[in-house]
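So the structure is just underneath, and the comments pick up after that.
2 protein chains.
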Amino acid sequence: MKLGELETPALLLDADRMAANVTRMRSRMAALGVTLRPHLKTCKSADVARRLFDGATGPVTVSTLKEAEHFLDNGFTDIIYAVGITPGKLEHASRLRERGADLKLLLDNLDAARAVAAHAARRGNLPTLIEIDSDGHRAGVAPEGADLLAIGHCLAAANCLAGVLTHAGASYDCRSVAAIRAMAEQERARTVRAALRLREAGLPCEIVSVGSSPTATYAERLDGVTEVRAGVYVFFDLVMAGIEVCRVEDIALSVLATVIGHQRERGWIITDAGWMAMSRDRGTAKQPVDQGYGLVCDAAGQRLPDLVMIDANQEHGIVAHRSGQPQHTPLLPVGTLLRILPNHACATGAQHDRYHVVRGASDSVEVVWPRFSGW
Amino acid sequence: MKLGELETPALLLDADRMAANVTRMRSRMAALGVTLRPHLKTCKSADVARRLFDGATGPVTVSTLKEAEHFLDNGFTDIIYAVGITPGKLEHASRLRERGADLKLLLDNLDAARAVAAHAARRGNLPTLIEIDSDGHRAGVAPEGADLLAIGHCLAAANCLAGVLTHAGASYDCRSVAAIRAMAEQERARTVRAALRLREAGLPCEIVSVGSSPTATYAERLDGVTEVRAGVYVFFDLVMAGIEVCRVEDIALSVLATVIGHQRERGWIITDAGWMAMSRDRGTAKQPVDQGYGLVCDAAGQRLPDLVMIDANQEHGIVAHRSGQPQHTPLLPVGTLLRILPNHACATGAQHDRYHVVRGASDSVEVVWPRFSGW
C-alpha cells in the first residue's frame, strides 16, 4: 500500500529510525554493564516490543495491568508494573503470576505494603519493589527516610521484597546535557543509597532499577544499578529533541495528514489531523522552542522549514509559518500529504490503533502493526 | 457490579445527568423551531446516540468517516461529515451513500468543490455544504466574499449544493453569557447571509446549519437557520462550566480513580488516573479559574472542596488543595475511590473504550456501553 492510499490521519512509524534508536540504547546499556528493561507504555505493541530484543522477549516495564496481560500473552514474562499498586489490583496481579508472569509490583507506603503482605500470605508470592523519590517529581519514599525501612521490613517479612525503583521524571525539565548528566547521577546515587540502607538493615535488595530516556541517554556511570528503564527512546519526539536527548532526524513517529483548505489572509493551512490525531500534549510549550502541536514535514519526511502546527481542534489542524507572518506560509494545495512530528510519542501513539510501518522517504507502507490502549 | 469492583481508572457516565442535559437541549431547539443535529464526535457510542432521540435515530453530525460508518451500521442514515473533504476520501463517502447513508459533505474551497463535482459525475450524487467562517476561528469562506459564489456555482452545476454550515468555535473563548449571546447572533446572521447570497444568485441552499454547545445554549433567535449542531452538551465538562454554559453539577462524565499514595510534605495525593485517563486537555488553563486536569469528587460524586488534579503523568495523577498549602490537603487513605470531572468531555472520553453507566450517588454500575475511537 502507498501512503497516498491511506485515509488520513494515520500514524506512521519509520522502522529504520526506530532500529537505530533501539540499537544505540542497547549498546549504551551493554557498555554500562546494566540490563535494559524497556518501558512498553510508549509502544503498546508486541510487534515493536519484539524488535527491542532482536526478536527475543526480554525483561519489560508496563504502566497498566492490561499491558502486562497483553505482553504476557505475547511471551514476555519478566514484567515490572511500575505504577503504585492498590489493594483492588492485587488479585489481578496474582492471576497474572499464576498464568506464568514473573510480575513484580511497586509501592511507596506502608498501607500498600501491608495489603501486599496479607495478599501474598493467602495467594502466594508477590515480588515487590519500593519506589524511591530521587527528584521530588512524583511518587516514592525518601532514600534517607524512616518509611523506606518500615516498608522494607513489612515486605521482607512476607518474603515479598525484590528491590528498589525510581523514575527521574524531573529529567524532562532539564535544560542542558550537563543538567541531565547531573540528574542521572542524582538518580543513581539516591537509589543505590536506598538499596544500601535496606541491605545494611539485613534486608534483601536484588533489583536496583532506575530510568528515564534522558538519564539513560546521558548517564556516565551506573555503579550499583542493576537495570535501566526507558520507553520514549524507541520512537523519540520533539520534547526529547528539545533537550538534546535526540535529533529531530531521529524521531520515528509521525502523523500523516492531508491539507483540506486554507485561510489565505491568515497564512493558515488547514489539515485533517487535529488534537485527536496528535493528542493534546503541548510538552514543548515550556521549552525554549515551542513546537506547537508538531513540526511539519513533507510526505517523504523532509522538514518544511519553519512550518509548525500552531493550533488544533478535534479533527482540524492549523499549520502556519513560525514567524506568524502570513506571506511566509506556502499554501500547499488541497490534497497535499504531510508528516507531522509529535511533541510526545506516548501521547500521540495512544490516539491510534495501529502503526503504518514505513522506511525513510519511501512512500510504501511495509506492514501494519496493531497497537492497543485502555485499561 | 459495584464501583469498588472496577479496575481503575475507568470512565463513568451518570445517566440521570445526561438525560437532563439531553432533554434541556431538545426542548430549547424545539422552542426555537429548528432541528437538532447532535454531533456524535463527543460520545462515539450508538448507545448514547439512541438516547439523544428517545430511542429513535435522528439526524446526526460526525467528525470522521469511521463515525459515519459506525452510526450507519446502527441505523443512523441522515449524516453530515463536518470536516472539510479531501479528494482521497470521496470514494469512501460514495460507498457509504451506496450503503444507504444520506451522507452530506463539507468544503470551503474551489479545488475540493471541483473534485466533488468530478467524482459525483462518475459515482453519483454527493450533497455538499459550503463551510462559512462566522468567527475567524478555523475554516470556512467569508459570507460576503467571492469564493462563496464560485464554490456554489461549481457545486450547483454538479447538482451537489445542499446548503451552508458554520461552527462558532470562538464561542468557547467567550467570557460572559452576553458575549455568547452576541456570538450566537453573529453565527446566525453571517450564515443566514451566506445562504441569502447563494439564493440571490439563483443557487439552492436547503440546509442552513449552525452550532456549538455554547451558542446553542444561549441563542435567542434562529430565524433563517434550519438546524443546530452541538455535541458537548450531552455530557458537559469543566470548560463549559467555566463559561456558564452548564453548572458543575450537570457534568455527566467522570473518571474513577484510586488513591495509590501520598507526598505528605507537599500535600499531594497520588492516584492511578494520569493524563492517559483524563487526556492532556488543559482547556480551563486559559479561563479565569484553572481546574488543572480536573475537579475531584468522592466516589458518590460529591465535590471535595477545592481538591484539584494539579498535575499528571501517563498513569499517575497528582491531587492537591487549590491553595497549594500542603496542610489543607486531606490525606485520603490508599485505596480511596475518587471521581474526577474532566476539562473536556470529547478529549477525556476518547481515552476510554467504554462507559460505565451509573446514576447519581449510587455505587452500582447499571450497564456498560462500548465506545470506539480512531479512524
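Line by line, the protein sequences are chains A and B.
Residue 375 is where the first sequence ends in the numbering used here, and the numbering goes up by one at each step.
Residue 375 is where the second sequence ends in the numbering used here, and the numbering goes up by one at each step.
C-beta: ideal position from N, C-alpha, C; glycine also.
- Put simply, the backbone Cα of Thr348/B is about 5 Å away from that of Ser279/B.
- Counting only Cβ-Cβ distances below 8 Å, Thr86/B has contacts in chain A at Thr8, Thr258, Val259, Ile260, Asp272, Val334, Gly335, in chain order.
- Here Leu106/B is bridged, per DSSP, to Leu129/B.
- Residues of the region 19 to 42 of chain B with a Cβ closer than 7 Å to any Cβ of chain A, in chain order: Lys41.
- The contact set of Cys346/B on chain A, defined by CB atoms closer than 7 Å, consists of Gln314 in chain order.
- Taking 9 Å as the Cβ-Cβ cut-off, the region 269 to 295 of chain A approaches chain B at Ile270, Asp272, Gly274, Trp275, Met276, Ala277, Ser279, Arg280, Asp281, Arg282, Gly283, given in chain order.
- In the DSSP assignment, Ser254/A falls outside any alpha helix (DSSP H) and lies within the beta strand (DSSP E) extending over 253 to 263.
- In this structure, Trp369/A sits away from Ala320/A, with a CB-CB distance that is not shorter than 8 Å.
- Shown here for Asn21/A: same chain residues with a beta carbon closer than 8 Å to its own, the five before and five after excluded, namely Tyr233, Val234, Phe235, Phe236, Cys246, Asp250, Ala252 in chain order.
- With a beta-carbon spacing of about 20 Å, Leu106/B and Leu222/B fall beyond the 8 Å limit used to define contacts.
- Restricted to the region 51 to 102 of chain B, the beta strand (DSSP E) segments that are unbroken, complete and at least 3 residues in length are 60 to 62, 78 to 81, listed in chain order.
- Bridge pairing for Cys297/B: Arg303/B, Arg339/B [DSSP].
- When Cys297/B, Glu315/B, Gly317/B, Asp311/B are compared, the shortest CA-CA separation from Leu12/B is found for Cys297/B.
- Among the CB atoms of chain A, none fall inside 8 Å of the CB of Arg99/B.
- If you draw a straight line from the Cα of Gln287/A to the Cα of Cys174/A, it is about 10 Å long.
- Burial state of Val60/B is buried, judged by a 10 Å Cβ sphere holding 16 or more other Cβ atoms.
- From the listed residues Gly211/B, Ala182/B, Ala201/B, Asp135/B, the smallest Cα separation to Gly152/B is found for Ala201/B.
- Taking C-beta atoms as the reference points, Leu3/B and Leu238/B fail to come closer than 8 Å.
- Taking the CA atoms as reference points, Ala195/B sits about 15 Å from Val228/B.
- In this model, Glu185/B and Pro38/B are separated by some 20 Å (Cα to Cα).
- The beta carbon of Thr128/A is closer than 8 Å to those of Ile85, Lys104, Leu105, Leu106, Leu107, Ala113, Val116, Leu155, Cys160, Leu161, Ala162 in its chain, skipping five residues each way along the sequence.
- Under the Cβ distance rule, Thr64/A counts among the residues neighbouring chain B, one pair being separated by less than 8 Å.
- Of the residues Val62/A, Thr217/A, Ser27/A, Cys346/A, the one whose Cα lies closest to the Cα of Ala277/A is Cys346/A.
- Here Glu206/B carries a coil assignment [DSSP, helix/strand/coil].
- When Arg282/B, Ala30/B, Asp306/B, Arg181/B are compared, the shortest CA-CA separation from Gln327/B is found for Asp306/B.
- Shown here for Asn74/B: same chain residues with a beta carbon closer than 6 Å to its own, the five before and five after excluded, namely Ala46 in chain order.
- Assigned with DSSP and collapsed to three states, Trp375/B falls in coil, not helix or strand.
- One Cα belongs to Leu198/B, the other to His344/A, and the distance between them is close to 45 Å.
- Where His153/B is concerned, the enclosing alpha helix (DSSP H) starts and stops at 146 to 157.
- For Pro214/A, the uninterrupted alpha helix (DSSP H) segment begins and ends at 213 to 218.
- For Ile243/A, there is no enclosing alpha helix (DSSP H), since its DSSP letter is neither H nor E.
- Val164/A sits in a strand when the DSSP states are folded into three classes.
- The beta carbon of Asp47/A does not come within 8 Å of any beta carbon belonging to chain B, so the residue lies off that interface.
- If you draw a straight line from the Cα of Val83/A to the Cα of Phe76/A, it comes to about 18 Å.
- Counting only residues of its own chain and dropping the five nearest sequence neighbours on each side, Asp290/A has a CB closer than 6 Å to the CB of Thr284.
- Taking a C-beta distance under 8 Å as the contact criterion, Ala273/A and Val255/A qualify as a contact pair.
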